[in-house]
Amino acid sequence: MKYITDFLITRKESLGESYFSLTLQHPNRLPSIAPGQFVEVEVRNCREVMPRRPISIHDVSPIEQSLTLLVQKVGKGTRQLATLQKGDYLNLVYPLGHGFSVKGAHPLLVGGGAGIAPLYHLAKCYASIDLRPTILLGGRTKDLIPVREAFEAYGEVLYATEDGSLGERGLVTQHSRFTDGYDQICTCGPTPMMKAIARYAIEKNISCEVSLENMMACGIGACLCCVTDTDQGHKCVCKEGPVFDAVQLKKWMGLNQ
Numbered sequence: 037m038k039y040i041t042d043f044l045i046t047r048k049e050s051l052g053e054s055y056f057s058l059t060l061q062h063p064n065r066l067p068s069i070a071p072g073q074f075v076e077v078e079v080r081n082c083r084e085v086m087p088r089r090p091i092s093i094h095d096v097s098p099i100e101q102s103l104t105l106l107v108q109k110v111g112k113g114t115r116q117l118a119t120l121q122k123g124d125y126l127n128l129v130y131p132l133g134h135g136f137s138v139k140g141a142h143p144l145l146v147g148g149g150a151g152i153a154p155l156y157h158l159a160k161c162y163a164s165i166d167l168r169p170t171i172l173l174g175g176r177t178k179d180l181i182p183v184r185e186a187f188e189a190y191g192e193v194l195y196a197t198e199d200g201s202l203g204e205r206g207l208v209t210q211h212s213r214f215t216d217g218y219d220q221i222c223t224c225g226p227t228p229m230m231k232a233i234a235r236y237a238i239e240k241n242i243s244c245e246v247s248l249e250n251m252m253a254c255g256i257g258a259c260l261c262c263v264t265d266t267d268q269g270h271k272c273v274c275k276e277g278p279v280f281d282a283v284q285l286k287k288w289m290g291l292n293q
């Protein structure tokens, strides 16, 4: 079931120059939301009609009947969203797509840049079944890895930065703990990073789920602009993803069949 609702902004937090978060309260009862699902956000601008933006759900609070979006300011739409304040309303289509599975005895969550957003909700879901995942977060610099302290409440957090400003210097796949015998890998972030992680998981026969970040317009599989060629045919990332099992994505990874 999909819904369209005006949410009240109850909190806005600036997270450095690149990120901000919005906590949004549902007017009645929030439906169940899986980690990795997303929303389509209405962007209101009096000067022009702007398309909705797909944004991952960062956190969910059943007690407060609220959800939180972690947003990176990368273009006109997200910068327009950054002008919103506490007390404003934001219209969402939600919850969209299929999320991550919460499974495995030794899970690894790998996020890069804005791709860390859905992994927080996922880490909390693991914590709810008494599992503390290893969480590996990467970025060009430490300033591009927000909400670090929040993650540390739900798992062991490791860092990799290209400039060495936080954690180990290099890419997440070069981290010394990347190959520590995990039985489930969940990843979201830049496409080259996710392809490298998925290839590694396939090679080592490790269960792996990947959250694709294709261009999405409608969020419900109608416009077909987010179609990806999988091993099971063409799939709409917004409807049949954004989370896919890596074994379905060998074509996407460029692996020979």
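Counting with the numbering used here, you get residues 37 to 293 for the letters of the sequence shown. Where a beta carbon is used, it is the ideal one built from N, C-alpha and C, also for glycine.
Just grab the DSSP bridge partners of V307 for me.
Lying before the first or after the last residue shown, residue 307 is absent from the chain, which here runs from 37 to 293.
Please report the distance separating the alpha-carbon of S201 from that of E192.
19 Å
Among residues of its own chain, excluding the 5 on either side of H142, which ones have a beta-carbon nearer than 6 Å to its beta-carbon?
Y218 and D219
How far does the alpha helix (DSSP H) with H62 in it reach, from first residue to last?
Where H62 is concerned, there is no enclosing alpha helix (DSSP H), given that its DSSP letter is neither H nor E.
C-beta contact flag for A282 and C244 at 8 Å:
yes
What's the C-alpha gap between D166 and N81?
44 Å
Length-filtered (3 minimum) beta strand (DSSP E) runs lying within the segment 71-122:
74-77, 89-97 and 102-108
Use the C-beta contact count for L299: other C-beta atoms within 10 angstroms, 16 or more gives buried, fewer gives exposed.
A question about residue 299 goes unanswered here, because the residues of the chain that appear run from 37 up to 293.
How would you write the range of the alpha helix (DSSP H) that Y162 sits in, first residue to last?
A153 to A163
If you run the structure through DSSP and keep just helix, strand and coil, what is E185?
helix
Distance, P226 Cα to L207 Cα
11 Å
Once the 5 residues before and after T209 are set aside, which same chain residues still bring their CB inside 6 Å of it?
A232
Look at the alpha carbon of L66 and the alpha carbon of S102, and state the distance between them as a whole number of angstroms.
7 Å
In the DSSP assignment, what residue or residues form a beta bridge with C272?
V263
List the DSSP bridge partners of G174.
G148 and A196
Taking the Cβ atom as the reference point for each residue, do S68 and A153 lie within a distance shorter than 8 Å?
no
S50: which of R89, L44 and Q121 sits nearest, CA to CA?
Q121
Contact check, Y130 vs Y55 under 8 Å by CB: the rounded distance?
Y130 to Y55, Cβ: 21 Å. No contact.
Going by DSSP in three states, Y130 sits in which element: helix, strand or coil?
strand
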